[in-house]
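Structure first, then comments.
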Amino acid sequence: MLDVRRLYMLKTVAARGSITAAAHSLALTAGAVSQQLAALRSEVGVDLLRPDGRTVALTDAGRVLLEHADRILSAVEEAESAMAAVRGTVGATATLAALPSTVTRIVAPALTALGSRHPQLTVTCSITDRAQLRELALGTVDVVLGQRYHHLPDTTPRGIDVSPLLDDPLLVVTAADRGDDRPVALRELATHPLAVPPPTTECGQAVLQGCQQAGFTPAPRFITADIAAQLTLARSGLATALVPRTAIDPTTPGIRAVPIADHPVQRLLFAATRHTENANPTTTAVVAALRTAAREGHTASP
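Here the sequence shown stands for residues 1 to 302, numbered as in UniProt numbering.
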């Protein structure tokens, strides 16, 4: 009988592209992963992986087995969710991946509320901009607090359930003594010294395409994904920043944050979980706390 853990290792290697990267994500040594995959190869009697430059790739047999592994692993998770639903109680652990821009207004209040309502639950939180939905699909996290910009393609993987939390527009942030509180046309920023995220990030792409839709290609003065740095540059009068409303503390002194008038750049913040027929009480509790925090944080907009 095939070992479910070895099938999961095969799936992880295929997703990560190398045994070393898979071992790192599994908190194992590369030798341990290689040994388990060698045992899986002996069980099926055919090669599953082949060298591909500095990485590895699935053989034809490996792709066939991975298709079955996906169904098997989904069935195992479905069984776990069904048992959790029968128990009807929130579990002891959960993992959450969240965007840095959501920590102050959503993540921190949500985790505080969870600690009060479910003191037995420990939530391990990864704060990152990178590939959260892929980690969710791989099973390394249970809930993702993610984003999707409305004018960019939806890249949600198959088998992921998305629960919308709120629409979060980018605001034009400058020093408090620059201008008034009227909305600013995006095309007006063509002459501003801008502080924007790198174009390799989702927010950077959203800003770039939004500006192009407004009729210009931005030539930023500062490029950084660090929102605290963007706000500091704006406060000092060195740059104009485009920052999500949720990422701005309404009590921050020395800045002016106003809406975009003509070509709004807006992201949907969502909570995502792996799809199961039976709702898991633990992930349901985490998503509910995120939704409440998002709703309450939205009322305290700058």
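For every residue, glycine included, the Cβ atom is placed at its ideal position computed from N, Cα and C.
Just so it is clear, the structure is predicted and the values come from calculations on it, not from any experiment.
Asked, Found
"Would you kindly check if the distance between the Cβ of residue 30 and the Cβ of residue 19 is under 8 Å?", "yes"
"Only counting the same chain, and skipping five residues up and downstream in sequence, which positions put a Cβ closer than 8 Å to that of residue 221?", "193, 194, 195, 238 and 239"
"Using three-state DSSP, classify residue 265 as helix, strand or coil.", "coil"
"Using the Cβ count rule (16 or more neighbours within 10 Å means buried), how would you classify residue 46?", "exposed"
"By the three-class DSSP mapping on this structure, what secondary structure does residue 142 have?", "coil"
"Which runs of the alpha helix (DSSP H) spanning at least 4 residues fall entirely within the stretch 114-194, listed in chain order?", "132-138"
"On a CA-only basis, which of 219, 161, 212 and 60 is nearest residue 270? Give me that one, please.", "161"
"Between residue 40 and residue 13, is the Cβ-Cβ spacing less than 8 Å?", "no"
"What does DSSP give as the partner residue(s) for residue 249 in the beta ladder?", "Paired residues: none, contrary to the question."
"With distances taken Cα to Cα, identify the nearest neighbour of residue 166 among 64, 286 and 145.", "145"
"Does the beta-carbon distance from residue 50 to residue 44 come in below 8 Å?", "no"
"Can you name, in chain order, every residue of its own chain whose Cβ lies under 8 Å from the Cβ of residue 69, other than the five neighbours on each side?", "7, 8, 10 and 11"
"Between the stretch 138-155 and the stretch 226-234, do at least 3 Cβ pairs fall closer than 8 Å?", "no"
"Helix, strand or coil, according to DSSP, for residue 241 in the structure here?", "strand"
"Please report the distance separating the alpha-carbon of residue 101 from that of residue 118.", "25 Å"
"Using only the alpha-carbon positions, how far apart do residue 204 and residue 95 sit?", "27 Å"
"Output the residue ranges of the alpha helix (DSSP H) runs that lie fully inside the stretch 34-95 and measure 4 residues or longer, sorted by chain position.", "60-87"
"For residue 262 versus residue 208, is the C-beta spacing smaller than 8 Å?", "no"
"Give me whichever residues DSSP pairs with residue 260 in a beta bridge.", "184"
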